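Have a look at the structure below, then the notes.
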Amino acid sequence: MAGLPRSDKELSLVATARRVLPGGSFGNLSSDIVIARGQAGRVWDVSGNEYVDFLLGSGPMFAGHAHPDVVAAVLAQIPLGVTFFANNEHGIRLAAAIVDAVPCAEKVRFTSTGTEADTYAMRVARAYRKRDKILKFEGGFHGMSEYSLQSMAPKRPGNFPQAAPDSPGIPRSVAGDMLIAPFNDADLAASIIRENRDDLAGVIVEPFQRLIPPQPGFLRALREVTAECGIPLIFDEIVTGFRFAFGGAQEYYGVIPDLCTLGKIVAGGFPLAAVAGRADIMRHFDRSEVGDDVLPQIGTLSGNPVASVAGLATLQVLSQPGVYERAFATGRTLMDGLSGMLRQAGLPAQVVGMPVLFDVMFVDGEVANYRDTLRQDSDALRRFNATLRENGVLKGDTKLYVSAAHTEADVAHTLAAMQAAVDAEVAFRRAQR
Ligand SMILES: Cc1ncc(COP(=O)(O)O)c(C=O)c1O
């Protein structure tokens, strides 16, 4: 494949990136594309190439890039000051909007990133339960803390519930404070939780794990066993919050956790995230409630007014009638179209996920948990992503995020690019024979 034209400016930026950034990147995306701007469901690179964008900034831009209402709100705030540390009106209003929208949210604490929100959610569960251990699911992603980077992507999965660190630099002792269960195996998870009920402080789960939907009854079973044992259930809704429904996955699946974490959409593309949940757990952040047992939680940019107005404006956009229906319909057309192409081509591949968040997996058979995903042909996915990019479609390495701003023209362009990627894969396999 010829490759897209790259300007001298982009090539020079790539060279500078290779000189000053480890691996020449921010660590996020495998491609060294340099993005210049975005508008609605499209982005342009520094060379001027245009893409239908399903990377969406890794998810925050569900309302579309540079939405005029979000831009106006941010531009109105900037001349009034961009950060105060003290309470500000917009952060207070955003917290109130979260309490109104998200079923489990009685109180809210802001952080700047999802990693921090997940870290504090686990810590406040420990403070509440006065126990140390947290159970997470194999393959579950909860940011980059020492606790979250346990059995997130093990190359050689071990025996449950033993945790294994995913990164160098993590003290060996941390694994001893984490328990690991398989996603979508309610019976095994429940038996690990019951066996360890005296040591467990909390259970954290992505209600929709990466791309894998929960099987019917799985989340409800987790809810029941954690309630029975008095152990806080934490939904990591950094991805699903305000995406699966205005009230997040807990509204969509009808299972209410004790705590949740939010990020991405809630800040409209700015650095803000949150822990939200039951008042009797969140009180551990409040010295007036728990005295010297208070859990300190201080962040220079927590509740930042620019991020808060961007979040509020985004939520306003998403609360208009028909927004979720439109995004889901767009995603459904793409999923169905791609599934049909894969079937037609006879490729051992399937489309996994939800209309607003899905991808192709080059694997046969059911994908219900992390171990099932290890069977996939990741080289085929890399080839697929590269052909899409050559044809003006940008996505994450393992995800397509669909926005409410994608148009019929975006869908038509994307389906043509998907067909080109399927055809290229068929041709590649034929040439290998
Ligand atoms: C489910 C989930 N939790 C936590 C995080 C971490 O959020 P952040 O990148 O803001 O630290 C992410 C990031 O993609 C995520 O997908």
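Position in the sequence shown (from 1) plus 108 gives the number in the working numbering.
Every residue gets a Cβ at the ideal spot worked out from N, C-alpha and C, and that includes glycine.
Every value quoted in this text rests on a predicted model; they were computed, and no experiment measured them.
Legend entry - One or two residues paired with His-173 in a DSSP bridge: Ala-148
Legend entry - Neighbour-count burial assignment, Gly-111, 16 or more Cβ in a 10 Å radius: exposed
Legend entry - Close-in-space but distant-in-sequence residues of the same chain around Ser-447 (CB under 8 angstroms, 5 per side omitted): Gln-458 and Val-459
Legend entry - Ile-389, enclosing alpha helix (DSSP H) - first and last residue: 387 to 390
Inset, instruction - Apply the 10 Å Cβ neighbour rule to Phe-192 and answer buried if 16 or more other Cβ atoms are within range, or exposed otherwise. - result: exposed
Inset, instruction - Taking Cys-368 as part of the beta strand (DSSP E), name the residues at either end of that continuous run. - result: Segment 367 to 370, the beta strand (DSSP E) holding Cys-368.
Inset, instruction - Check the Cβ-Cβ distances between Asp-388 and every residue of chain D, and say whether any is below 8 angstroms. - result: The chain inventory of the structure shown lacks chain D, comprising one protein chain alone.
Inset, instruction - Could you tell me whether any non-hydrogen atom of ligand 1 is closer than 7 angstroms to the CB of Phe-249? - result: True, at least one ligand heavy atom lies under 7 angstroms from that Cβ.
Inset, instruction - Output the distance between the C-alpha atoms of Ala-435 and Ala-528, rounded to the nearest integer angstrom. - result: 24 angstroms
Inset, instruction - Apply the 10 Å Cβ neighbour rule to Lys-238 and answer buried if 16 or more other Cβ atoms are within range, or exposed otherwise. - result: exposed
Inset, instruction - Look up Thr-219 in the DSSP assignment and say whether it is helix, strand or coil. - result: strand
Inset, instruction - Consider the C-beta atom of Val-313 and the heavy atoms of ligand 1; say whether any pair is separated by less than 7 angstroms. - result: no
Inset, instruction - Could you please give the first and the last residue of the uninterrupted beta strand (DSSP E) stretch that includes Tyr-478? - result: Here Tyr-478 belongs to no beta strand (DSSP E); instead the alpha helix (DSSP H) covers 478 to 481.
Legend entry - Segment contact flag, the stretch 247 to 254 with the stretch 416 to 431, C-beta cutoff 8 angstroms, min 3 pairs: As far as the Cβ criterion goes, the stretch 247 to 254 does not touch the stretch 416 to 431, which means the pair count is below three.
Legend entry - Residue range of the unbroken alpha helix (DSSP H) whose run includes Lys-117: 116 to 128
Inset, instruction - Could you tell me which of Gln-147, Ser-416 and Phe-291 sits nearest to Ser-259, measuring between CA atoms? - result: Minimum Cα-Cα distance from Ser-259 among the listed residues Gln-147, Ser-416 and Phe-291 corresponds to Phe-291.
Inset, instruction - Apply the 10 Å Cβ neighbour rule to Ser-166 and answer buried if 16 or more other Cβ atoms are within range, or exposed otherwise. - result: exposed
Inset, instruction - Please name the residue or residues paired with Asp-472 in a DSSP beta bridge. - result: DSSP lists no partner for Asp-472.
Inset, instruction - Label Ala-381 either buried or exposed according to how many other C-beta atoms from any shown protein chain fall within 10 Å of its C-beta, with 16 as the threshold for buried. - result: buried
Legend entry - Distance cut-off 7 angstroms: Thr-223 Cβ against heavy atoms of ligand 1: yes
Legend entry - Residue interval of the beta strand (DSSP E) (run including Val-510): Secondary structure note for Val-510: it is in no beta strand (DSSP E), with a DSSP letter that is neither H nor E.
Inset, instruction - Give the DSSP-derived three-state secondary structure of Gly-284 in the structure shown. - result: In the structure shown, Gly-284 sits in a helix (DSSP, three-state: H, G or I).
Legend entry - Residue closest to Ser-155, alpha-carbon to alpha-carbon, out of Thr-334, Val-534, Gly-454 and Lys-117: In terms of Cα proximity to Ser-155, the closest of Thr-334, Val-534, Gly-454 and Lys-117 is Lys-117.
Inset, instruction - Answer with buried or exposed for Pro-276, where buried requires no fewer than 16 other C-beta atoms within 10 angstroms of its C-beta. - result: Burial call: exposed.
Inset, instruction - Name, in chain order, the residues that DSSP records as bridge partners for Glu-359. - result: Partner(s): none; Glu-359 has no beta bridge.
Legend entry - Those runs of the beta strand (DSSP E) which lie wholly inside the stretch 295 to 340 and span at least 3 residues: 308 to 313
Inset, instruction - State whether the stretch 209 to 225 contacts the stretch 377 to 395, with contact taken as three or more CB pairs (one from each stretch) at a distance under 8 angstroms. - result: Contact between the stretch 209 to 225 and the stretch 377 to 395 is present: three or more C-beta pairs spanning the two stretches fall below 8 angstroms.
Inset, instruction - To the nearest angstrom, report how far apart Asp-480 and Glu-474 are at their CA atoms. - result: 7 angstroms
Inset, instruction - Apply the 10 Å Cβ neighbour rule to Gly-439 and answer buried if 16 or more other Cβ atoms are within range, or exposed otherwise. - result: buried
Inset, instruction - Note down the Cα distance separating Pro-456 from Ser-299, rounded to an integer number of angstroms. - result: 35 angstroms
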